[in-house]
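Protein chains in written order, with our numbering: chain A, 284 to 576; chain B, 487 to 776.
For reference, the structure discussed in these notes is given below.
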């Protein structure tokens, strides 16, 4: 820790402290401003938006934009709001997160507690999958989903997100289980416990912290995904991020910024909520996933 | 029984390995093959040599995308690193409410780039957004219309990208700062070094590995940037804020130029590889030292 530097610079230099705090607060304002603008804009009427300015508070609060964004706004030719797309996202994100996390846990366990010849090579080969720009698999995947009859379906999106999430989930669990003493599994093995028994009885009960990190990471990634959504789904099967983008780009009639902002908040709310509730785990996943990925 | 038990780990791993082989490595080869064909609306598999790559590099739009990647990449990475380091150092000065401030700097990371793009698109729009705000404060001639100006729109993407990602870099640096060895700093102080000198000569250089990881992550984000541009500018005005990722999407999926799209995707892959191989190299070297 840079303790000594700090204790020296504290002390009499009040001005220094003032500058530091001002800078920090200034940046905090810059970070909060878009959120503030989004929320206030979403509660304004269009007249209010035109007559006021970006940071003015609403003259009168209205929930109309929210109701419209949720239920009647047009995304392309379809005018049923975002509610259907929100539900779409929920229906493919939840299974994709659960499946990819579960397989990742099994993989991580097999890679660390049952090391075998070639397990490191296997892990490296998997790991490289984290790095590829997904553009390089889009065209073959579109074809393959067609062959499998999963084009433009929820099942297709679950499949794609599981396949390309496995590298990350395996990485999370592998790095966590490396820190678990291998003697635990070894002792159990001598007592006659098998592969799955050890996993269920010994390893899984140790895993809640990493499960939380992994679930949060996967949830954020998959919920926020746009690329797979826009390529592999269309119309009313689209996830919320794609629908939001369509809503904003639908240029019929007057541009309704308040509805756009309400829609953006609706799309961002689930992950934001996760962040507020479990920020610590969120950061842990981010650093673990990002440093390696 | 024992044979079954010893086969189980491999059995459990094999589906994942198989998916990686097919859906990562197999698909890369598949895309590579497509990039050597004349495929347009439908994939065709007759070898056509480097035609698509030649077409690609004769395409102005591709050059715009590359130039934009250069501008966006260097500014995005540079500002995120600089601002992230500054914030981390400031936050490391025994700040009250450090946790609260950190949470504020980091929340954009939880948002989709589409949400970020939508928000900044509204803020940066000249008619009613920030420009209008400053004008209504009395600065009648104030102009801030990057988002609708060809040649400037890519800088608008930088603003939103920096907003989204700086907090994350800050978190990485902060973790690094907390890991700096006290003994070295103490020794420097005994030698009479002041705080500025200690930071520039000892603490910041010792953050080298963090710099490196942050650099790789940011470069990776920059090359893959797609959603942010789609939501903020749609690649426009015209195609002035196109990036390779949006170029690939447009040609492969909207313009029925599968071969060309595949070629641009391969170029993106090569760029990523060109960045990752040096990283792997330095990682192994560092591991060798430790």
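C-beta atoms are modelled at their ideal positions from N, C-alpha and C, and glycine is treated no differently.
Find the residues of chain A that neighbour residue i, judging by a C-beta separation of less than 9 Å, and give them in chain order.
i: residue 713 (chain B); result: 507, 508, 509, 510, 513, 524, 528
i: residue 747 (chain B); result: 418, 421, 422
i: residue 744 (chain B); result: 422
i: residue 642 (chain B); result: Within 9 Å Cβ-Cβ: nothing; residue 642 (chain B) doesn't reach chain A, min ~13 Å.
i: residue 517 (chain B); result: 418, 419, 420, 421, 422, 423
Closer than 8 Å by beta-carbon distance: list the chain B residues that pair up with residue i, in chain order.
i: residue 311 (chain A); result: 587, 590, 591
i: residue 532 (chain A); result: 720
i: residue 363 (chain A); result: Within chain B, no residue comes near residue 363 (chain A); the closest Cβ sits about 19 Å away, beyond 8 Å.
i: residue 428 (chain A); result: Within 8 Å Cβ-Cβ: nothing; residue 428 (chain A) doesn't reach chain B, min ~11 Å.
i: residue 405 (chain A); result: 499, 503
i: residue 478 (chain A); result: 491, 494, 495, 498
Please list, in chain order, all residues of the same chain as residue i whose beta carbon is under 6 Å from its beta carbon, the five residues on each side excluded.
i: residue 737 (chain B); result: 743, 746, 747
i: residue 437 (chain A); result: 374, 375
i: residue 538 (chain B); result: 521, 745, 746, 749
i: residue 630 (chain B); result: 616, 617
i: residue 575 (chain A); result: Only weak support exists for where residue 575 (chain A) lies, its pLDDT of 44 falling under 50; the value from the coordinates is given anyway. Closer than 6 Å at Cβ, skipping near neighbours: 454.
i: residue 654 (chain B); result: 595
i: residue 388 (chain A); result: 456
According to DSSP, residue i sits in a beta bridge with which residue or residues?
i: residue 355 (chain A); result: None, per the DSSP bridge assignment.
i: residue 361 (chain A); result: A:358
i: residue 533 (chain B); result: B:523
Chain A partners of residue i, CB-CB under 8 Å?
i: residue 597 (chain B); result: 507, 551, 554, 555
i: residue 777 (chain B); result: The structure shown does not extend to residue 777 (chain B), since chain B is modelled only from 487 through 776, so no value can be given for it.
i: residue 751 (chain B); result: 416, 418, 419, 421, 422
i: residue 514 (chain B); result: 415, 419, 420
i: residue 612 (chain B); result: Result: empty, since nearest Cβ-Cβ is about 12 Å, beyond 8 Å.
Go through its chain and collect everything with a Cβ distance to residue i's Cβ below 8 Å, but skip five positions before and after it.
i: residue 412 (chain A); result: 447, 449, 450
i: residue 614 (chain A); result: The structure shown has nothing for residue 614 (chain A), since chain A only spans 284 to 576.
i: residue 592 (chain B); result: 653, 654, 656, 657
i: residue 457 (chain A); result: 390, 391, 394, 395, 406
i: residue 542 (chain B); result: 548, 746, 749, 750, 753
i: residue 701 (chain B); result: 563, 567
i: residue 517 (chain A); result: 435
i: residue 563 (chain A); result: none
Please return the same chain residues whose Cβ sits closer than 7 Å to the Cβ of residue i, not counting the five positions on each side in sequence.
i: residue 513 (chain A); result: 525
i: residue 366 (chain A); result: 353, 354
i: residue 465 (chain A); result: 396
i: residue 588 (chain A); result: A query on residue 588 (chain A) cannot be resolved here, the shown segment of chain A reaching from 284 to 576 and no further.
i: residue 401 (chain A); result: none
i: residue 419 (chain A); result: none
i: residue 727 (chain B); result: 554, 639, 640, 643, 715, 719, 721
i: residue 557 (chain B); result: 640
Give me the chain B residues within the contact set of residue i, using Cβ-Cβ distance strictly less than 7 Å, ordered along the chain.
i: residue 389 (chain A); result: 498
i: residue 547 (chain A); result: 601, 604, 605
i: residue 414 (chain A); result: 758, 762
i: residue 446 (chain A); result: 505, 509
i: residue 350 (chain A); result: What residue 350 (chain A) touches in chain B: nothing, since even the nearest Cβ is about 19 Å away.
i: residue 393 (chain A); result: 495, 498, 499
i: residue 399 (chain A); result: 495, 496
Identify the contact partners of residue i in chain B, using a Cβ-Cβ distance below 9 Å as the criterion.
i: residue 338 (chain A); result: 619
Can you pull the chain A neighbours of residue i, defined as C-beta to C-beta under 7 Å?
i: residue 734 (chain B); result: 418
i: residue 609 (chain B); result: 317, 320, 337
i: residue 691 (chain B); result: Near residue 691 (chain B) there are no residues of chain A at all, since even the closest Cβ is about 13 Å away, more than 7 Å.
i: residue 477 (chain B); result: The requested residue 477 (chain B) does not occur in the structure, where chain B is confined to residues 487 to 776.
i: residue 581 (chain B); result: 307
Residues in the region 315-333 of chain A having any Cβ partner in chain C nearer than 9 Å: Absence of chain C from the displayed structure is noted, the protein chains being A and B.
In the region 594-630 of chain B, which residue ranges form an unbroken alpha helix (DSSP H) of at least 4 residues, counting only runs that do not cross its ends? Taking 4 residues as the shortest admissible run, the region 594-630 of chain B contains the following complete alpha helix (DSSP H) segments, listed from N- to C-terminal end: 599-610, 616-622.
Taking contact to mean at least 3 C-beta pairs separated by less than 8 Å, is the region 721-728 of chain B in contact with the region 625-644 of chain B? The region 721-728 of chain B makes contact with the region 625-644 of chain B: 3 or more CB pairs, one atom from each, lie closer than 8 Å.
With three or more C-beta pairs closer than 8 Å as the rule, is the region 484-496 of chain A touching the region 684-697 of chain B? At 8 Å Cβ cutoff, the stretches do not touch.
Would the region 503-510 of chain A count as touching the region 317-332 of chain A if we require 3 or more Cβ pairs under 8 Å? Flag = no, the region 503-510 of chain A and the region 317-332 of chain A do not touch.
Are there three or more Cβ pairs, one per stretch, closer than 8 Å when the region 465-479 of chain A is compared with the region 491-498 of chain B? Taking one beta carbon from each stretch, the region 465-479 of chain A and the region 491-498 of chain B have 3 or more pairs nearer than 8 Å; the two touch.
For the region 400-424 of chain A, list the alpha helix (DSSP H) runs that are entirely contained and at least 4 residues long, ordered along the chain. Fully enclosed alpha helix (DSSP H) runs of 4 or longer: 402-411.
For the region 546-565 of chain A against the region 614-621 of chain B, do three or more pairs of beta-carbon atoms, one drawn from each stretch, fall closer than 8 Å, so that the two count as touching? A contact is defined here as three or more CB-CB pairs under 8 Å, and the region 546-565 of chain A fails this definition with respect to the region 614-621 of chain B.
Counting pairs of Cβ atoms below 8 Å between the region 525-536 of chain B and the region 705-715 of chain B, do you hit three or more? In short, these stretches do not touch, since the Cβ pair count stays below three.
Closer than 8 Å is the cut-off here; do at least three beta carbon pairs connect the region 563-579 of chain B with the region 648-659 of chain B? Per the Cβ contact rule, the region 563-579 of chain B is in contact with the region 648-659 of chain B (3 or more Cβ pairs under 8 Å).
Does the structure place the region 752-769 of chain B close enough to the region 667-682 of chain B that three or more beta carbon pairs sit under 8 Å? Result no; under three Cβ-Cβ pairs closer than 8 Å.
Segments assigned alpha helix (DSSP H), at least 4 residues, entirely inside the region 465-536 of chain A: For the region 465-536 of chain A, whole alpha helix (DSSP H) runs of length 4 or above, ordered along the chain, are 465-473, 478-481, 491-507, 510-515, 523-532.
Which whole runs of the alpha helix (DSSP H) in the region 289-337 of chain A are 4 residues long or more, in chain order? Listed in chain order, they are 297-325, 329-334.
Write down every uninterrupted run of the alpha helix (DSSP H) in the region 677-701 of chain B whose length is 4 residues or greater and which is fully enclosed by it, in chain order. Correct list: 681-684.
May I ask you to verify whether the region 497-517 of chain B touches the region 421-433 of chain A, counting CB pairs closer than 8 Å and requiring at least 3? The region 497-517 of chain B is in contact with the region 421-433 of chain A.
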